[in-house]
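With this note's numbering applied, the sequence shown corresponds to residues 125 to 243, in that order. Report on the structure given below.
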Amino acid sequence: MKAKRTLGDADNLTEERVDKVVKEFLQDFNEGYQEAKGWPLAYVISKAALNAYTIILVERFPNFKVNCVCPGFVKTDINYNTGTLPVKEGAESPVKLALLPSDGPSGLFFSRNQVTSFE
125 MKAKRTLGDA
135 DNLTEERVDK
145 VVKEFLQDFN
155 EGYQEAKGWP
165 LAYVISKAAL
175 NAYTIILVER
185 FPNFKVNCVC
195 PGFVKTDINY
205 NTGTLPVKEG
215 AESPVKLALL
225 PSDGPSGLFF
235 SRNQVTSFE
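Written out as structure tokens, the structure reads:
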């Protein structure tokens with residue numbers, strides 16, 4: 125799919141390219157063509173765009189620590205408390221990344237405290 129190629133092409137990412145994919149998705153979604161045009165779920169596009177934008181920010185602001193984090197499936201009101209992790213455990217990864225020292229990692233994707241692929 126074009127969106128996956130564009131958002132997954134770390135060497136050629138630009139804010140404009142990410143915005144274009146998101147705008148195309150939103151237009152197709154609003155017109156009811158999401159499924160016919162082969163788009164994944166809105167959640168998938170939103171996370172892919174967030175990951176791509178993270179890579180852009182790392183390049184633009186090398187003195188900042190910019191990472192993505194997935195805390196896991198946390199029990200919250202948004203999922204009617206069907207998550208598998210308590211809030212305290214889900215907060216560990218984001219808090220750890222927020223408190224990184226100046227020589228800490230940047231440009232990575234963390235899933236429950238482990239570095240993982242952006243895919």
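We treat Cβ as the ideally placed atom computed from N, Cα and C, and that holds for glycine. Quick caveat: nothing in here was measured; it's all calculated off a predicted structure.
Backbone CA spacing between residue i and residue j [nearest angstrom]
{"i": "residue 179", "j": "residue 205", "result": "31 Å"}
{"i": "residue 234", "j": "residue 172", "result": "14 Å"}
{"i": "residue 196", "j": "residue 163", "result": "24 Å"}
{"i": "residue 208", "j": "residue 200", "result": "10 Å"}
Beta carbon of residue i nearer than 8 Å to that of residue j
{"i": "residue 176", "j": "residue 219", "result": "no"}
{"i": "residue 214", "j": "residue 198", "result": "yes"}
{"i": "residue 203", "j": "residue 229", "result": "no"}
{"i": "residue 153", "j": "residue 127", "result": "no"}
Residue(s) in a DSSP beta bridge with residue i
{"i": "residue 238", "result": "235"}
{"i": "residue 223", "result": "Per DSSP, none; premise fails for residue 223."}
{"i": "residue 211", "result": "Residue 211 pairs with nothing; no bridge assigned."}
Under the three-state DSSP convention, the category residue i falls into
{"i": "residue 228", "result": "coil"}
{"i": "residue 243", "result": "coil"}
Note to self: Just to confirm the assignment: which complete alpha helix (DSSP H) runs, minimum length 4, are found wholly within the region 136–208?
What the structure shows: 139–154, 166–184
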